[in-house]
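Working notes, structure below.
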Amino acid sequence: MKKWTLYFLMGIFSPAIQAAGLDNLPENHPVNGGVTIIPLDSAQKPEVRYEGIKIIVLPSLQSKQWLLIVGIPLDKPAGIEKIAVILPHAGSIPFHVSKKFYVSQYLTITDTSKVDVSTTDEQRVAAETKALNALYSQYTQANPFAKPLIAPVHAPISSLFGLQRFYNKKPRTPHSGLDIAAVANTPVHSIADGKVVSVADYFFTGNTVIVDHGMGVFSLYGHLQQTDVKMGQQINQGTIVGLVGKTGRATGPHLHWSMIMNQTLVDPLLFVPVRIITAVAAKKVQPLEKIPHA
């Protein structure tokens, strides 16, 4: 038995991570749509893959220890998953995924073309999906967690990640991000340093900016009224990437914010907690019944 399997068998993930003191990392929440963080003892930096995709490996504050940070797909069932170790020794690391139940949400869209998609639009969506998958496959060495991430806007949360969506009573794919009900034209800020890798009008998210933060971590800002950055631009944490709008499939102005890690959409609330996102003056809070979704 390789010694790195002992972390799983002994169930000591949390103490090792806490001892590392890496407070900037996402929350360790090993569920479908979540993130798991696994400590691994090795004198040499390991090379690892999950489902054939390179994952984040960062040094722990403990000597000769590394942290493996893995995004878990939303459709992953409960059970045992394995991370493949390529170097320094071939092997595998098991980890357990718990099933998280995501509630349903029913929305009414007046633009029925965003619900019953035409053949032409289906082709557009397929092309966009293919392009996004290629974009998210990029992996650079910049550390996305060099400093704490910030909220893109401060406002009430109107839709959580992973909701089972019904548009005009018709089932559609689960919600791939977090909806923040900021008012129209509110500035949207980059959550971390990075490189702008997409500024485009997508079918579902409308005017959208995507930022590469390094190591396969990306943030997406959708439904923007306008975009304020350019493709290839290096930006700092806090840079305004655009203004809140309602472009694409949306019931009203708000920000759709997605987080991508190892080519997997994961819950943004594991990166920035609710209390920070919703930290606004009472006069800026919209009535709950008027909060829009997308």
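Reading the sequence shown from the start, the letters are residues 877 to 1170 in the working numbering. The beta carbon of each residue, even a glycine, is placed where N, CA and C say it ideally should be.
For the options Leu950, Val1001, Leu963 and Asn900, the alpha carbon positioned closest to that of valine 924 is the one of Leu963.
Distance from the Cα of glycine 1092 is smallest, within the candidate group Val907, Glu903, Lys921 and Leu934, for Leu934. Counting the other Cβ atoms within 10 Å of the Cβ of aspartate 1069 gives 16 or more, which makes it buried. Out of Leu1011, Leu950, Ser918 and Gln1101, the CA that lies nearest to the CA of alanine 966 is found in Ser918.
For threonine 1049, the three-state secondary structure derived from DSSP is coil. In this model, glycine 909 and leucine 1054 are separated by some 12 Å (Cα to Cα). Per DSSP, reduced to three states, the secondary structure at leucine 937 is coil, with no helix or strand assignment. Look at alanine 1002 here: in three-state DSSP terms it is helix.
Under the 10 Å beta carbon count, threonine 1005 is surrounded by fewer than 16 other beta carbons and is classified as exposed. Around the beta carbon of arginine 1125, a 10 Å sphere encloses 16 or more other beta carbons of the protein chains shown; the residue is thus reported as buried. Taking the Cα positions, proline 1032 is about 9 Å away from valine 1150. It is roughly 25 Å from the alpha-carbon of leucine 1036 to the alpha-carbon of phenylalanine 971. Taking a 10 Å sphere around the C-beta of glycine 928, we find fewer than 16 other C-beta atoms and assign the residue as exposed. Secondary structure in the segment 1047 to 1081: the beta strand (DSSP E) runs of 3 residues or longer, each lying completely within the stretch, are 1054 to 1056, 1063 to 1065 and 1070 to 1078 in chain order.
When only Cα atoms are considered, valine 979 and lysine 930 end up about 31 Å apart.
If you draw a straight line from the Cα of glutamine 938 to the Cα of valine 1085, it is about 37 Å long. In this structure, DSSP gives leucine 1141 an extended state, which the three-state scheme calls strand.
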